[in-house]
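Here the protein sequences come in this chain order: Z and B.
Residue numbers for the first sequence follow the working numbering, so the first one is 1 and each next one is one higher.
Residue numbers for the second sequence follow the working numbering, so the first one is 82 and each next one is one higher.
In what follows, a structure is listed as structure tokens, so that the remarks can point back to it.
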Amino acid sequence: MILHIIALAAIIATAVLAIEFKDLLISTAMLAAMSLMLSLEFYLLQAPDVAITEAAVGACLSTAIFIIAIKKTARYENGAC
Amino acid sequence: MNGSSVIVKVVSLAIILPALTFGLYIIAHGHLTPGGGFQGGAIIASALAIFLVAFAKQASKTLRKNLLSALECLALLGFIGLSFLGLGKSFFFNFLANSGLIFGQAVPFGPNPGFINTAGVIPLMNFFVGLEVSCALTIIVLTMLKAGGDKK
Numbered sequence: 001m002i003l004h005i006i007a008l009a010a011i012i013a014t015a016v017l018a019i020e021f022k023d024l025l026i027s028t029a030m031l032a033a034m035s036l037m038l039s040l041e042f043y044l045l046q047a048p049d050v051a052i053t054e055a056a057v058g059a060c061l062s063t064a065i066f067i068i069a070i071k072k073t074a075r076y077e078n079g080a081c
Numbered sequence: 082m083n084g085s086s087v088i089v090k091v092v093s094l095a096i097i098l099p100a101l102t103f104g105l106y107i108i109a110h111g112h113l114t115p116g117g118g119f120q121g122g123a124i125i126a127s128a129l130a131i132f133l134v135a136f137a138k139q140a141s142k143t144l145r146k147n148l149l150s151a152l153e154c155l156a157l158l159g160f161i162g163l164s165f166l167g168l169g170k171s172f173f174f175n176f177l178a179n180s181g182l183i184f185g186q187a188v189p190f191g192p193n194p195g196f197i198n199t200a201g202v203i204p205l206m207n208f209f210v211g212l213e214v215s216c217a218l219t220i221i222v223l224t225m226l227k228a229g230g231d232k233k
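The structure is reproduced here in structure tokens:
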């Protein structure tokens with residue numbers, strides 16, 4: 001039960017941090033951390049299939065696509081590259 | 082896009098090979114443990130995506146879109162052909178189970194003993210699905226890498 005609360009609090013904290021950061025690279029890393037915590041929560045809820053998929057797709061593939069998109073555009077949110 | 086710094090390159094080289102091995106493990110044990118074709122294919126595609134991000138210039142030469150697309154079509158044809166092979170009884174009939182051939186060992190009664198040489202046609206279909214998913218997800222990242230020219 002205590003592990004559930006820790007995982008859910010970490011999900012909310014990393015999601016808020018991902019919105020608040022102006023450096024989009026750090027924001028993408030926070031999204032990956034949120035995805036990792038979400039996969040931990042799926043594992044705690046006894047759905048290991050979904051946890052493996054979430055860890056692979058959410059924490060790695062979407063992060064790679066975001067990093068490529070940031071490389072092709074600006075890194076900071078207000079456009080002052 | 083010239084790829085990334087030295088730190089990113091070294092760490093990604095240390096990660097890629099264990100990630101590929103883990104993906105193959107997940108696919109090969111798909112009928113025994115959690116996971117299967119899609120999950121293992123996604124893990125292999127993650128390793129290839131790390132390779133693509135870290136070594137952008139070299140990787141887009143080695144991983145070509147036509148080759149990946151041909152592999153994906155081959156895996157789908159293998160999947161549908163394997164399901165047509167069981168058409169003597171019905172579509173998707175498991176004709177290899179308990180036959181003594183490849184993956185044809187009979188499963189003993191009781192809790193899961195973890196014998197990998199069982200379950201008939203299901204591991205072969207897991208391999209085909211894993212190949213298809215890894216090629217398709219890599220094509221997505223490769224298309225994203227090629228999109229919009231090489232401005233930066």
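Glycine is no exception: its CB is placed at the ideal position from the N, C-alpha and C atoms.
The model shown is predicted, which means the values in this text are computed figures rather than measured ones.
Buried or exposed (CB count within 10 angstroms, at least 16 for buried), residue i
| i | result |
| --- | --- |
| B/Ile197 | exposed |
| Z/Ile52 | buried |
| B/Lys233 | Confidence at B/Lys233 is low in this model, with a pLDDT of 47, below 50, so its placement is unreliable and the value that follows should be read with caution. It is exposed - the Cβ of B/Lys233 has fewer than 16 other Cβ atoms within 10 Å. |
| Z/Cys81 | Interpretation of Z/Cys81 is limited by its pLDDT of 49, a score under 50 that renders its predicted location unreliable; the figure taken from the coordinates is listed afterwards. Classification for Z/Cys81: exposed. |
| Z/Asn78 | exposed |
| Z/Glu20 | exposed |
| Z/Ile12 | exposed |
| B/Cys216 | buried |
| B/Gly169 | exposed |
| B/Phe160 | buried |
| B/Thr114 | exposed |
| Z/Met1 | exposed |
| B/Phe190 | exposed |
| B/Ala126 | buried |
| Z/Thr73 | exposed |
| B/Ser93 | buried |
| B/Thr143 | exposed |
Beta-carbon spacing of residue i, residue j below 8 Å
| i | j | result |
| --- | --- | --- |
| B/Leu105 | B/Leu223 | no |
| B/Glu213 | B/Ala135 | no |
| B/Phe172 | B/Ser164 | yes |
| B/Ser150 | B/Ile96 | no |
| B/Ile131 | Z/Ala64 | yes |
| B/Pro204 | B/Gly111 | yes |
| B/Gly45 | B/Val210 | In the structure displayed, chain B extends from 82 to 233; residue 45 of chain B sits before or after that span and is not available. |
| Z/Leu17 | Z/Met30 | yes |
| Z/Cys59 | Z/Ser35 | One point to set straight first is that residue 59 of chain Z is Ala, not Cys, in the sequence displayed. In this structure, Z/Ser35 lies closer than 8 Å to Z/Ala59 by Cβ. |
| B/Met225 | Z/Ile5 | no |
| B/Ala201 | B/Gly185 | The amino acid at residue 201 of chain B is misidentified as Ala; the sequence shows Gly. Yes, the pair counts as a contact, with Cβ atoms nearer than the cut-off. |
| B/Gln139 | Z/Ala56 | no |
| Z/Thr28 | Z/Phe66 | yes |
| Z/Leu61 | B/Leu152 | no |
| B/Ala128 | B/Leu101 | yes |
One or two residues paired with residue i in a DSSP bridge
| i | result |
| --- | --- |
| Z/Tyr43 | DSSP lists no partner for Z/Tyr43. |
| Z/Tyr76 | Z/Asp23 |
CB-CB length for residue i against residue j, believed under 8 Å
| i | j | result |
| --- | --- | --- |
| B/Phe208 | B/Ile108 | 6 Å |
| Z/Leu24 | Z/Arg75 | 6 Å |
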